[in-house]
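> My structure is below; once you've seen it, I'll send some questions.
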Amino acid sequence: MQLSTTPNTTALLDNKEHLFFSGTSYLGVSMLPEFQEIVFDSIKKWGISYGSSPNANLKLEIYKKGETFIRNFLHTESALTVSSGTLASQLALNTLQDIADRFYAMPKIHPSILPNKATNVYENRHLNKELVSIENTNICIISDAIAALETTPYSFDFLTQIPKSNTVYLLIDESHSLGVLGKNGNGISQQISSQKNVKIIIVSSLGKAFGVNGGIIAGNTNFIKKVKEKPLFIGAAGMCPSFLETFINAQEIYQSQREKLQKVITYVYAKLATVKDIHITNNYPVFFLSDDKIADDLLKKNIVITSFFYPATPQKINRVVLNANHTKKQLDQLIKSFMVAQ
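Residues in the sequence shown are numbered from 27 upward in steps of one, following our numbering.
Here it is as structure tokens:
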């Protein structure tokens, strides 16, 4: 299906309006006039691109301002911005490959943070024995905040079972949690129990809940310094400066939209929590459907959801995405489509 315009809560397909429950614009900001005004004002100031190395002798002050804001937002020692979430993941992974001796991966992680060789954290639902027995090693554990086909964050309680003589670098992709989960939308990393031997590295796209193209890397100062020394970072232009300023200046809109989104989630959860073949929780704007034919069935009712084969899972993903801008009438139409099938 091809779209000729960006959807919001509806999309035009074959010149017919369909309800849109797809994409990743959880806060629904990109089509808000008040958000666009912030974008337009920022573009007037910074333009739409700045094709210069972040290590060049002349730098735009917005980048330092952005790094400071993100560092405070995520409660990390340091942070930086890049042009995309994928580049952020690749840079962090590339840097960790110089530091870590062994790599372990949580199930169903995003391909952008999956190294060529990584051992599974779990074997037959039990923690890998290596992680319990290994000593005096630099370990990297890679994970999404929320795995594909899941609606709740991973638990990282297993970190306490890894011997303290190891240094553990926990690389978390927060692309689908920032803006939605955590205090003020700052994700799940703050919920992980602090341990002296565990260093948390956060990577994320800003193009999902926050509605601006760009990526971030946040962590301890020494690690961020190493990232900035990478040829891949030095040779790439930075994040669009107007989008970075938009991200900073749109925080009140993000907060307001987050409150609206939670009301949407609560309403839908109350109606669908007990419906068969629906995997849903009461604080995340995504739920999954186990019926492989459901996307086609919903399309006949003029409802569009996400349906495709995802690299991290063997089965097709059928995902319903709620948007802060969805109206009660639209939500009721979605809910009714599932109730009829019962």
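Ideal Cβ placement from N, Cα and C applies to all residues, glycine included.
Check whether the Cβ atoms of residue 196 and residue 167 lie closer than 8 Å to each other.
Against the sequence shown, residue 196 aligns to sequence position 170. Against the sequence shown, residue 167 aligns to sequence position 141. Result yes, Cβ atoms of residue 196 and residue 167 sit closer than 8 Å.
> Give the DSSP bridge partners of residue 225, in chain order.
Position 199 of the sequence shown holds residue 225. In the DSSP output, where bridge partners are listed per residue, residue 225 has 195.
> Measuring CA to CA, which of 297, 30 and 174 is closest to residue 358?
Here residue 358 corresponds to residue number 332 of the sequence shown, with the count starting at 1. Cα-wise, what sits closest to residue 358 is 297.
> Determine contact between the segment 75–89 and the segment 168–184, defined as no fewer than three beta-carbon pairs at a distance below 8 Å.
Counting Cβ pairs under 8 Å, fewer than three are found: no touch.
> Rounded to a whole number of angstroms, what is the C-alpha to C-alpha distance between residue 31 and residue 354?
Sequence index remark: in the sequence shown, residue 31 carries index 5 (1-based). Sequence index remark: in the sequence shown, residue 354 carries index 328 (1-based). So the two alpha carbons sit approximately 24 Å from each other.
> Beta carbon of residue 300, beta carbon of residue 178: below 8 Å?
What you label residue 300 is simply residue 274 of the sequence shown in a count that begins at 1. What you label residue 178 is simply residue 152 of the sequence shown in a count that begins at 1. Cβ atoms of residue 300 and residue 178: not closer than 8 Å.
> My output table needs one value for residue 304: the three-state DSSP class, helix, strand or coil.
Taking the sequence shown and counting its residues from 1, one reaches residue 304 at position 278. Strand at residue 304.
> Which residues share a DSSP beta bridge with residue 231?
Here residue 231 refers to the residue found at position 205 of the sequence shown. DSSP, once it has assigned bridges, lists 241 as partnering residue 231.
> With DSSP collapsed to three states, give me the class of residue 176.
Translated into positions along the sequence shown, residue 176 becomes position 150. Of the three classes helix, strand and coil, the one that applies to residue 176 here is coil, per DSSP.
> Check residue 321 in the structure and name its three-state DSSP category.
If you number the sequence shown from 1, residue 321 lands on position 295. DSSP places residue 321 in helix when its eight states are reduced to three.
> Can you tell me the Cα-Cα spacing of residue 274 and residue 282, whole angstroms?
Sequence index remark: in the sequence shown, residue 274 carries index 248 (1-based). Sequence index remark: in the sequence shown, residue 282 carries index 256 (1-based). Their backbone Cα atoms lie some 15 Å apart in a straight line.
> Does DSSP classify residue 342 as helix, strand or coil?
Translated into the one-based positions of the sequence shown, residue 342 becomes position 316. In this structure, residue 342 counts as strand in the three-state DSSP scheme.
> State the DSSP-derived secondary structure class of residue 65, mapped to helix, strand or coil.
Your numbering for residue 65 matches position 39 in the sequence shown. Residue 65 falls in the helix class under three-state DSSP.
> What runs of the beta strand (DSSP E), each 3 residues or longer, lie entirely inside the segment 72–117?
Listed in chain order, the complete beta strand (DSSP E) runs (minimum 3 residues) inside the segment 72–117 are 104–108.
> Among the residues of its own chain, which have a CB less than 6 Å from the CB of residue 33, if the five just before and after it don't count?
For this step, residue 33 is matched to residue 7 along the sequence shown. For residue 33, where only same-chain residues beyond five positions count, the Cβ hits under 6 Å are 46.
> Name the DSSP bridge partner or partners of residue 236?
Here residue 236 is taken as the residue at index 210 of the sequence shown, counted from 1. Answer is none; residue 236 lacks a bridge partner.
> Sort 310, 333, 240 and 204 by Cα distance to residue 111 and report the nearest one.
Here residue 111 corresponds to residue number 85 of the sequence shown, with the count starting at 1. Per the Cα distances, 240.
> Would you kindly report the start and end of the unbroken alpha helix (DSSP H) that includes residue 290?
Against the sequence shown, residue 290 aligns to sequence position 264. Start and end: 277–298.
> So, residue 314 versus residue 185, is the Cβ gap smaller than 8 Å?
Stepping through the sequence shown from its first residue, residue 314 is reached at position 288. Stepping through the sequence shown from its first residue, residue 185 is reached at position 159. Cβ distance not < 8 Å, so residue 314 and residue 185 don't count as in contact.
> Looking at C-beta atoms only, is the number of pairs between the segment 65–74 and the segment 264–273 that lie closer than 8 Å three or more?
Contact holds: three or more Cβ-Cβ distances are below 8 Å.
> How many angstroms separate the CA atom of residue 248 from the CA atom of residue 120?
To locate residue 248, count along the sequence shown from 1; it is residue 222. To locate residue 120, count along the sequence shown from 1; it is residue 94. Going from the Cα of residue 248 to the Cα of residue 120 covers about 15 Å.
> Less than 8 Å between the CB atoms is what I'm expecting for residue 93 and residue 84, so what's the real figure, rounded?
Position 67 of the sequence shown, counted from the first residue, corresponds to residue 93. Position 58 of the sequence shown, counted from the first residue, corresponds to residue 84. Rounded, the Cβ-Cβ distance is 17 Å, inconsistent with contact.
> Using a threshold of 8 Å, state whether the C-beta atoms of residue 328 and residue 35 are closer than that.
Counting from 1 along the sequence shown, the entry for residue 328 is found at position 302. Counting from 1 along the sequence shown, the entry for residue 35 is found at position 9. Taking 8 Å as the Cβ cut-off, residue 328 and residue 35 do not qualify as a contacting pair.
> Quick one: what does DSSP say residue 170 is sitting in, helix, strand or coil?
Against the sequence shown, residue 170 aligns to sequence position 144. Three-state DSSP puts residue 170 in a strand.
> Could you work out which residue in 361, 331 and 364 is closest to residue 48 when comparing CA atoms only?
Counting from one through the sequence shown, the residue named residue 48 turns up at place 22. Of 361, 331 and 364, the residue nearest in Cα terms is 331.
> Would you call residue 200 buried or exposed, if buried means 16 or more other Cβ atoms sit within 10 Å of its Cβ?
In the sequence shown, the residue the question calls residue 200 occupies position 174. With 16 or more Cβ atoms within 10 Å of its Cβ, residue 200 is classed as buried.
> Leaving out five residues before and five after residue 52 in sequence, what residues of the same chain have Cβ atoms less than 6 Å from its Cβ?
Residue 52 sits at position 26 when you count from the first residue of the sequence shown. 206, 235 and 311, listed in sequence order.
> Which residues bound the alpha helix (DSSP H) around residue 258?
By one-based count along the sequence shown, residue 258 stands at place 232. 257–260 is the span of the alpha helix (DSSP H), which, as asked, contains residue 258.
> Give the DSSP-derived three-state secondary structure of residue 182 in the structure shown.
Reading the sequence shown from its first residue, position 156 is the one you call residue 182. Coil, per DSSP.
> What is the residue span of the alpha helix (DSSP H) that residue 159 lies within?
Position 133 of the sequence shown, counting from 1, holds the residue named residue 159. Looking at the DSSP string, the run of the alpha helix (DSSP H) that includes residue 159 is 155–159.
> In the DSSP assignment, the beta strand (DSSP E) including residue 39 goes from what residue to what residue?
Counted from its first residue, the sequence shown places residue 39 at position 13. Element bounds for residue 39: 36–39.
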